[in-house]
């Protein structure tokens, strides 16, 4: 299996090197450069490698979680806490933080639902930052007092 992976990676590297030298030059207009077959090929290889990395990462994570039930329990608790924080963030966002008429006048059509979703994301970010900073402070204080 390891030999096959090395061969596939060597072939992909060779194809990428060939496509690299066929990329359009700086003097070519962007509208023409986008249509380049070499550029499309490079993006295709990138997407394939990204998909393989994501699938392998998820697969090995799931296998590890199934093999160790205590890790699965901790993961499910973490996901549950995240969902609670998401619900809290959604509950405290109002959706009326922005003047919708002003946004429409500026050419940015939006709705209260969109503003509420953005507010939820921002609130969740701020809550997670507070949790992260609190965790770092707690760990630092615990380490300083344990000596």
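In the working numbering, the protein residues as written are 218 to 364.
Don't be surprised by glycine CBs; every beta carbon is placed ideally from N, CA and C.
C-alpha distance - residue i paired with residue j, whole-angstrom precision
| i | j | result |
| --- | --- | --- |
| residue 242 | residue 269 | 30 Å |
| residue 236 | residue 294 | 47 Å |
| residue 221 | residue 301 | 45 Å |
| residue 277 | residue 285 | 12 Å |
| residue 360 | residue 282 | 29 Å |
| residue 338 | residue 279 | 27 Å |
| residue 244 | residue 250 | 10 Å |
| residue 347 | residue 260 | 38 Å |
| residue 258 | residue 354 | 48 Å |
| residue 292 | residue 223 | 33 Å |
| residue 273 | residue 315 | 42 Å |
| residue 288 | residue 296 | 12 Å |
| residue 227 | residue 247 | 31 Å |
| residue 326 | residue 358 | 48 Å |
| residue 229 | residue 275 | 23 Å |
Proximity to residue i [Cα-Cα], best of the options
| i | options | result |
| --- | --- | --- |
| residue 304 | 327, 340, 228, 220 | 340 |
| residue 336 | 357, 306, 274 | 306 |
| residue 299 | 228, 316, 349 | 349 |
| residue 232 | 263, 219, 246, 324 | 263 |
Nearest-angstrom beta carbon gap, residue j and residue i [assumed within contact, 8 Å]
| i | j | result |
| --- | --- | --- |
| residue 240 | residue 266 | About 18 Å; that fails the 8 Å criterion. |
Examine the Cβ distances between the region 331-345 and the region 309-316 and report whether three or more of them are shorter than 8 Å.
The region 331-345 is in contact with the region 309-316.
Report the start-end ranges of each beta strand (DSSP E) in the region 315-339 that is 3 residues or longer and not cut off at the edges.
Listed in chain order, there is nothing to give.
The region 316-330 in contact with the region 340-359 per 3-pair CB rule at 8 Å
As far as the Cβ criterion goes, the region 316-330 does not touch the region 340-359, which means the pair count is below three.
To test your reading of the DSSP string, which unbroken alpha helix (DSSP H) runs of 4 or more residues are found completely within the region 229-261?
Whole alpha helix (DSSP H) segments, 4+ residues: 247-250.
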